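> Got a structure here, written out as structure tokens. Questions coming.
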Amino acid sequence: MLAIQRILTLAVLAAALAGCGAGSDVQTGESAGQRQSMAGPPAAAAASIAMPGLRSDYKVERVAGSVDLTHIATARVTRVAADARVQFSDYTLAMDVDGNAGKVYRLYRAAFKRTPDVRGLSYWIQMMDQGASLLTISNGFAGSTEFKSLYGVNPTNNEIVTRLYRNILNRDGETAGVQYWVNILNRGTSVAEVLAAFSDSPENQAGMFATLSNGIAYRVDGAAYVTVANAGASRSGATGAALTLDGTESLAGAGSTLSYAWTVAERPAGSAAVLRNADTALPSFTPDRSGSYTVTLTVSDGVSSSTASATLSAFPPALSYAPLEVRYSKGLDKLVISATNPNVLKIADPLAETTLTVSLPAAVKNFSLSPNGKLAIVLHESVASLVDLEHGLLLKSFATGGSHTEALITNAAVAYFIGQTGGQWVRPSVVYFNARTGAEMTLPETVYMGMFYGTQYGVYASTKNKVFLMSQGLSPADISYFTIDPATNGVIAMGDSPYHGDYNMSTPLFLSENEDVLFSASGNYFYTSNLKYAGTFSTPVRSLSNSAAKDETLVIAGGSAGYPSSYRRFTGSLFFSDATIDFPLIDGLQSYGIKIFHSSAGKRLALVQTGSAALNGASVKYYTIAL
């Protein structure tokens, strides 16, 4: 924070002395006919060095005090200065990441939270090369419609500062830092000055260095370049809904006018979808099958041509019902979704758009799947239903003899029920039935199970012959378990974790694919062998899926604020943090993650909603998507 403060202090002092303002540590000068007072000469751009071929023909590597350009085909190395400008046949590469090019790029990202478009970036780099100050450019950015759409039309100073920290430094500001910048704005410093200070701060420079270290591609007015096609970003949408493709960022070479030709190069089996207005920069495409499409764009200016491609992902249409709870059957590679009005269980192929519907006799209180994913035990109030998921059949409904809160089932259709609505000590603590016949199998308890209190939720670890569960409302919270005899199906042992208040624990609980690790919604996880602490994700968990095939764990963060627009990936058996990944736009709207799963082959799947991040939000649409 103090480093940023020093930069802004310099800018404010320059403004007071010169009577005009200065941005960060960049000197001011003439720009587009507008003159500002200067504290020194403008930064000068390095002379351009011409290299044959495309930028992609070279490997760029920084070495001590210089940059090596290695021609990939011939291995010939050309060494240039660390702040050189190198002109290739398609772009000029600015290596001055600490100079004008780097300042403009960082300001673009700070103001708009996106990768700069080449045309805009090129314009502003050249303006700064010609003497424009960072503050002059920042003033323009801060007054733009795009900036206001990101930071607010009339935000409070606290809102501005909060967004600057998150959008630029990718973190929440510390209390003292936020208050400092709010006070600066309260005293009349412009948003543009603070934006420039944040963008050129040492913290942001360090955070952006890896992105910029191999140079910044832009174009110089009047230089001879070849045509470059740009098919736009990957897009996602529902089948049957039109997607607009975007080739407007394609660049002309020597000719002044571009022609466009789009084609569908790859498509899912059975698709007959066609491009509309395929000879324009903005054609439309309506996918007719779920899956991945590849479109190619060829542009020509009459002198040179170029081809680029983009990927389109099509998801099944929005669900026609509101999902209550969702499980994933790896045995069938199907989503199993409960819904109401009417009370049903949906067995849905997330990609093939086929769904079986099973009518249920009453509202769903809870449900779970057998380990092989072929059976579901659905808990109603004092009644349970066995569902054949393979064939979409309700096999049996039977009384459970209590107001249970959790139901778990084995591959042999033995159903276990625990918990009691209303917060009471439960006797017997566990009851179990042959779910195919409805016959009770419960044996007299031979072990003490006094920790099983009131509302309980749990998971069945079939390879361990254990059910892990938590009683709600007890303090301190604790994970308990009971062991099942696979020969008799009887409960033969029980126990709990060795911790009583040492670590946060909460439901829902999740298992790793090999069932060696038990994850808690609090973010802490434990070994199933002894319930000893194994680590933490340092974030609450709303949904989790672990894949041995992909050696990854995917986490949707929990919390009461709403569903997040991204999920986190952790790798290996030690669950090292790897990446935060955004959920896609669907029909141009941000999607928000509700549940996340892996298919049997390790493919990522999710239930998401659009229209709002709010829990139980109004007018939202639900989608099952592949990630």
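Just so you know, the sequence shown maps onto residues -18 to -1, 1 to 609 in mature numbering (1 follows the signal peptide of the UniProt record, and there is no 0). Positions of the beta carbon are idealized from the N, C-alpha and C atoms, including for glycine. On a predicted model such as this, the values are computed, not experimentally measured, just so you know.
#1: Taking P324 as the reference, give the member of L342, P184, R309 and L338 with the closest Cα.
#2: For the 8 Å Cβ check, are there 3 or more pairs between the segment 83 to 91 and the segment 203 to 218?
#3: Please report the straight-line C-alpha distance between V308 and S352, rounded to a whole angstrom.
#4: Three-state secondary structure (DSSP) at M423?
#5: Measuring only the C-alpha atoms, how far is T521 from N139?
#6: Which ranges would you report for the beta strand (DSSP E) in the segment 239 to 296 if only whole runs of at least 3 residues count?
#7: Evaluate contact between the segment 139 to 152 and the segment 163 to 172, counting only Cβ atoms and requiring at least three cross-stretch pairs below 8 Å.
#8: Touch check for the segment 183 to 191 and the segment 264 to 274: three-plus C-beta pairs under 8 Å?
#9: Tell me the DSSP bridge mates of E335?
#10: According to DSSP, W407 sits in a beta bridge with which residue or residues?
#11: What separation, rounded to the nearest whole angstrom, lies between the Cα atoms of L233 and L132?
#12: Would you say A292 and L227 are within 8 Å of each other, going by their C-beta atoms?
#13: So if DSSP puts H580 in a beta bridge, which residue, or which two residues, is it bridged to?
#14: Near L36, which residues of its chain fall below 7 Å by C-beta distance, leaving aside the five closest residues on each side in sequence?
#15: I'd like to check one pair, T322 with A330: are the Cβ atoms closer than 8 Å?
#16: Is the beta carbon of I400 closer than 8 Å to that of S350?
#17: CA-CA distance, N598 and S320?
#18: Which stretch, first to last residue, makes up the alpha helix (DSSP H) that contains E128?
#19: What runs of the beta strand (DSSP E), each 3 residues or longer, lie entirely inside the segment 299 to 323?
#20: Do A178 and S120 count as a contact pair if the criterion is CB distance below 8 Å?
#21: Taking the Cβ atom as the reference point for each residue, do Y200 and I107 lie within a distance shorter than 8 Å?
#22: Considering only the beta carbon of each residue, do G235 and D283 sit closer than 8 Å?
#23: Under three-state DSSP, which class holds D111?
#24: For the putative contact between N528 and E495, defined by C-beta atoms under 8 Å, what is the C-beta separation to the nearest angstrom?
#25: Where does R169 fall in DSSP's three states?
Let me lay it out:
#1: As a working mapping, residue 324 is identified with position 342 in the sequence shown. Checking every option, the nearest Cα to that of P324 belongs to L342.
#2: no
#3: Taking the sequence shown and counting its residues from 1, one reaches residue 308 at position 326. Taking the sequence shown and counting its residues from 1, one reaches residue 352 at position 370. When rounded, the distance between both Cα atoms is 14 Å.
#4: Taking the first residue of the sequence shown as position 1, residue 423 is located at position 441. DSSP places M423 in the coil class of the three-state scheme, outside both helix and strand.
#5: On the sequence shown, position 539 is the one that residue 521 refers to. On the sequence shown, position 157 is the one that residue 139 refers to. So the alpha carbons of these two residues sit roughly 29 Å apart.
#6: 241 to 248 and 273 to 282
#7: yes
#8: no
#9: Residue 335 sits at position 353 when you count from the first residue of the sequence shown. In DSSP, E335 forms no bridge with anything.
#10: Within the sequence shown, numbered from 1, the residue matching residue 407 stands at position 425. Answer is Y435, bridged to W407.
#11: As a position in the sequence shown, residue 233 is number 251, starting the count at 1. As a position in the sequence shown, residue 132 is number 150, starting the count at 1. Their Cα atoms are separated by approximately 27 Å.
#12: For the purposes of this step, residue 292 is identified with residue 310 of the sequence shown, where counting begins at 1. For the purposes of this step, residue 227 is identified with residue 245 of the sequence shown, where counting begins at 1. For A292 and L227, yes; Cβs fall inside 8 Å.
#13: Locating residue 580 in the sequence shown gives position 598, counting from the first residue. For H580, which the question treats as bridged, DSSP gives the partners R586.
#14: As a working mapping, residue 36 is identified with position 54 in the sequence shown. Around L36, the same chain offers F70, S71 and D72 as residues with beta carbons nearer than 7 Å, after the five sequence neighbours per side are excluded.
#15: Along the sequence shown, read from residue 1 onward, the residue named residue 330 stands at position 348. Along the sequence shown, read from residue 1 onward, the residue named residue 322 stands at position 340. No, the Cβ-Cβ distance between A330 and T322 is not below 8 Å.
#16: Working through the sequence shown from its first residue, we reach residue 350 at position 368. Working through the sequence shown from its first residue, we reach residue 400 at position 418. No, the Cβ-Cβ distance between S350 and I400 is not below 8 Å.
#17: Numbered from 1 along the sequence shown, position 616 holds the residue referred to as residue 598. Numbered from 1 along the sequence shown, position 338 holds the residue referred to as residue 320. Each residue's alpha carbon lies about 15 Å from the other.
#18: Here the question's residue 128 lines up with position 146 in the sequence shown. Run containing E128: T127 to Y133, per the alpha helix (DSSP H) assignment.
#19: 307 to 311 and 316 to 321
#20: What you label residue 120 is simply residue 138 of the sequence shown in a count that begins at 1. What you label residue 178 is simply residue 196 of the sequence shown in a count that begins at 1. Result yes, Cβ atoms of S120 and A178 sit closer than 8 Å.
#21: As a first step, residue 200 must be located in the sequence shown, where it is residue number 218. As a first step, residue 107 must be located in the sequence shown, where it is residue number 125. Cβ distance < 8 Å, so Y200 and I107 count as in contact.
#22: Within the sequence shown, numbered from 1, the residue matching residue 235 stands at position 253. Within the sequence shown, numbered from 1, the residue matching residue 283 stands at position 301. Yes. Within cutoff.
#23: As a position in the sequence shown, residue 111 is number 129, starting the count at 1. Looking at D111 - three-state DSSP - the assignment turns out to be helix.
#24: Residue numbering aside, residue 528 sits at position 546 when the sequence shown is read from its first letter. Residue numbering aside, residue 495 sits at position 513 when the sequence shown is read from its first letter. The pair is a contact, with the Cβ atoms about 5 Å apart (cut-off 8 Å).
#25: Sequence index remark: in the sequence shown, residue 169 carries index 187 (1-based). Note: R169 maps to coil in three-state DSSP.
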